[in-house]
Amino acid sequence: MDHLAYRLFTVGPGNGTEGRHIHFPITDSLDQHEIDKVRKTEGLDQRAKDLIDDVKPYREGNKILWKIHKLNNIDKHRLLVTVGSSFGSLDLGAHMIASMREAFPDRNIPSLSAFFNPVDNLFPLKVGDELFIDGPNAKPNLDMQFKFELVLDEPGLVEGESLIEIIDSMIDEVEGLIPKFKSLIT
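Residue numbering for the sequence shown follows the working numbering, beginning at 1 and increasing consecutively.
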């Protein structure tokens, strides 16, 4: 986003500055945005400043953009963001088919996959966590599959959330912003 802000600066009036102060002003609150945007966007065309305001680049305005900003700063200035695993889903189809084949042994019952997400993803996943509890005296079912997810865990920001889903939402957000600014930079 800072690259976009700098590009907007290079095609804007510049106001006699060299542009080292230019940043895309993403903040924790609207009040902070109102303060930071003056300094961080000096020399941008007013249309560019208005488009930046329309994006609402602060926590309560655009949470995804705010998360990108926060994760970027954590990664640069502290430590790598914590990644772990969680319980993603369970193939109950294999369980249902096994029960049906036992109840109707003379029928040709086809295989079926039916993955269900748990209510609790058990993050952080620990040794001894119970992923599925079958009935008493149940036979082991080697066809049941379990899927696990890589998740990000940064308290107060992303807590045990799917890495793929977060990255996808961030990509979608940024890709959705670019066309809004395109007419100002071409």
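Ideal Cβ placement from N, Cα and C applies to all residues, glycine included. Being a predicted model, the structure only gives us computed values, none of them experimental.
Buried or exposed (CB count within 10 angstroms, at least 16 for buried), residue i
i: residue 103; result: exposed
i: residue 121; result: buried
i: residue 86; result: buried
i: residue 132; result: exposed
i: residue 139; result: exposed
i: residue 179; result: exposed
i: residue 185; result: exposed
i: residue 114; result: exposed
i: residue 77; result: exposed
i: residue 135; result: exposed
i: residue 17; result: exposed
i: residue 165; result: exposed
i: residue 57; result: buried
i: residue 105; result: exposed
heavy atom of the ligand ATP below 7 Å from residue i C-beta
i: residue 141; result: Among the components modelled here there is no ligand, and therefore nothing to report on the ligand ATP.
Local conformation of residue i per DSSP, three classes
i: residue 27; result: strand
i: residue 170; result: helix
Supposed contact pair residue j and residue i - C-beta distance, whole angstroms, cut 8 Å
i: residue 177; j: residue 163; result: With 8 Å as the limit, residue 177 and residue 163 do not qualify as a contact, their Cβ atoms being about 22 Å apart.
i: residue 90; j: residue 146; result: 6 Å
i: residue 55; j: residue 150; result: Residue 55 to residue 150, Cβ: 29 Å. No contact.
i: residue 157; j: residue 67; result: 6 Å
i: residue 59; j: residue 28; result: 5 Å
i: residue 64; j: residue 170; result: 6 Å
Cα-Cα separation, residue i to residue j
i: residue 123; j: residue 129; result: 10 Å
i: residue 13; j: residue 44; result: 6 Å
i: residue 183; j: residue 10; result: 14 Å
i: residue 155; j: residue 19; result: 34 Å
i: residue 6; j: residue 22; result: 6 Å
i: residue 70; j: residue 141; result: 44 Å
i: residue 159; j: residue 53; result: 28 Å
i: residue 173; j: residue 148; result: 26 Å
i: residue 92; j: residue 117; result: 10 Å
i: residue 125; j: residue 34; result: 42 Å
Unbroken stretches of the alpha helix (DSSP H), 4 residues or longer, contained in the segment 77–162: Runs of alpha helix (DSSP H) with 4 or more residues, each lying fully within the segment 77–162, are found at 92–103, listed in chain order.
Alpha helix (DSSP H) runs contained entirely in the segment 9–68, provided each spans 4 or more residues: 30–40, 46–55
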